[in-house]
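**Student:**
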Amino acid sequence: MDHAGAAGGPARTGSGGVLDVVPLSGRPGIRASGEIGVSTRLSWENALTELSRRHTDVSYVELSGVRFVDVAGVAALAVTAMNLPGGRVVVERPPPQLPRVLDLFWPSLRRIEVAPR
564 MDHAGAAGGP ARTGSGGVLD VVPLSGRPGI RASGEIGVST RLSWENALTE LSRRHTDVSY
624 VELSGVRFVD VAGVAALAVT AMNLPGGRVV VERPPPQLPR VLDLFWPSLR RIEVAPR
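Residue numbers (my numbering): 564 to 680.
(1) Does the separation of the CB atoms of L582 and T603 fall below 9 Å?
(2) Quick check on G636: buried or exposed, where buried means 16 or more other Cβ atoms within 10 Å of its Cβ?
(3) What is the DSSP secondary structure of P670, counted as helix, strand or coil?
(4) Kindly indicate which residue of Y623, A641, M645 has the alpha-carbon position closest to the one of S588.
(5) Label L667 either buried or exposed according to how many other C-beta atoms from any shown protein chain fall within 10 Å of its C-beta, with 16 as the threshold for buried.
(6) What's the call for D664, buried or exposed, on a 16-neighbour Cβ count within 10 Å?
(7) Name the residue from R617, V601, R616 whose alpha carbon lies nearest to the alpha carbon of A638.
(8) Taking only three categories from DSSP, how would you classify L647?
(9) Could you give the residue range of the alpha helix (DSSP H) that holds L587?
(10) Is R656 helix, strand or coil when you go by DSSP?
(11) Is DSSP giving S627 helix, strand or coil here?
This is the structure we're talking about:
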């Protein structure tokens with residue numbers, strides 16, 4: 564298996580899942596495309612770890628190119644946001660299941676702001 568870091572390059576797995584994560588241009592954050600699931604979890608978690616290291620006040624996570632995110636992928640995002648020293652994470656254009664899972668399991672989490680598709 565080949566896993567990409569937060570700096571980019573797709574993570575391709577034997578099961579066919581692909582996740583590409585690159586830094587945003589002009590503002591703090593990352594852009595992901597592909598699928599966030601069991602086969603790409605390590606790449607997603609590595610990207611979130613790097614995001615939290617660089618976080619100041621607001622970090623952006625642009626997900627318009629993400630076709631699917633599983634519950635564990637949403638959990639990794641929620642845990643990352645909860646562990647930030649301050650500020651918030653703005654999630655832009657996520658797949659529909661992401662806000663539903665956040666509302667279901669973390670209804671009072673204010674560190675994540677979801678900007679819909």
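Ideal placement from N, C-alpha and C gives every residue a C-beta, glycine not left out.
Being a predicted model, the structure only gives us computed values, none of them experimental.
**Tutor:** Quick look at the numbers:
(1) yes
(2) By the 16-neighbour rule on beta-carbons within 10 angstroms, G636 is buried.
(3) coil
(4) Y623
(5) exposed
(6) A small fix is needed here, since residue 664 is Val in this sequence, not Asp. Buried: at least 16 other Cβ atoms inside 10 Å.
(7) Residue V601 is the option with its Cα nearest to A638.
(8) coil
(9) No alpha helix (DSSP H) contains L587, which DSSP labels as neither H nor E.
(10) Three-state result, R656: coil.
(11) strand
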